[in-house]
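Read through the structure below, which is laid out as structure tokens, and then see the notes.
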Amino acid sequence: MKSTKNYQFNTNINNKSTILVIDDNPTNLSLAATSLEDGGFNVLIASDSLNGIKRAKFAHPDLILLDILMPEIDGFETCRRLKTDAATQNIPVIFMTGLTNSEYKVKGFEVGAVDYVTKPIQIEEVLARINLHLQLYFLTQKLE
Numbered sequence: 006m007k008s009t010k011n012y013q014f015n016t017n018i019n020n021k022s023t024i025l026v027i028d029d030n031p032t033n034l035s036l037a038a039t040s041l042e043d044g045g046f047n048v049l050i051a052s053d054s055l056n057g058i059k060r061a062k063f064a065h066p067d068l069i070l071l072d073i074l075m076p077e078i079d080g081f082e083t084c085r086r087l088k089t090d091a092a093t094q095n096i097p098v099i100f101m102t103g104l105t106n107s108e109y110k111v112k113g114f115e116v117g118a119v120d121y122v123t124k125p126i127q128i129e130e131v132l133a134r135i136n137l138h139l140q141l142y143f144l145t146q147k148l149e
């Protein structure tokens, strides 16, 4: 991930937005957290799916960045569980993974993800997608 210092954020969103990053790789977690914090987001982390689901239920983040390839429970099943729980079903999920096959992308959308980015992550792209999905999320909440 590259530095976010030159990226312009929509400050109406990220100053109040919390993002949960779920990834079993400590390096990925650290890079994502640092980049998002540099952008002004509140960041929560979880190093496995079960803790990620618990954190999502407890903290109600505005968006979840979720790795697919994790031990025990993969990201697809994690997303399914999040989308079937009333407490977390409306939280946008963006998959971030090294899996580039279109079959995996389609499966990600089928289980409820709103977007899919491939590793290595280009932070400017991820931040643009996060801002877009947060805008959609907040507008949807406002309309409801």
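Numbering (the numbering used here), first residue to last: 6 to 149.
Note that CB positions come from ideal geometry on N, CA and C, so glycine has one too.
Note that this is a predicted model, so its numbers are computed, not measured.
- Under the DSSP assignment, ALA51 falls outside any alpha helix (DSSP H), being part of the beta strand (DSSP E) whose first and last residues are 47–51.
- 7 Å or more divides the Cβ of ALA61 from the Cβ of VAL48.
- Sequence-distant Cβ neighbours of SER22 in its own chain, meaning closer than 6 Å and more than five residues away, are PHE46, ASP67 and LEU139.
- Sequence-distant partners of THR123 (beyond 5 residues in either direction) whose C-beta falls short of 7 Å from its own C-beta, in its chain, are THR102, GLY103 and THR105.
- The three-state reading of DSSP puts LEU70 in strand, counting E and B together.
- Here ARG85 is near VAL116, since their CB atoms are less than 7 Å apart.
- The C-alpha of GLN127 is placed about 27 Å away from the C-alpha of GLN94.
- Burial of LEU70 is indicated by the presence of at least 16 other C-beta atoms within 10 angstroms of its C-beta.
- Between MET75 and ASP43, the beta carbon gap of about 25 Å keeps them out of contact (Cβ cut-off 8 Å).
- For ASP28, same chain residues with a beta-carbon under 6 Å away, outside a window of 5 residues either side, are LEU34 and ASP72 in chain order.
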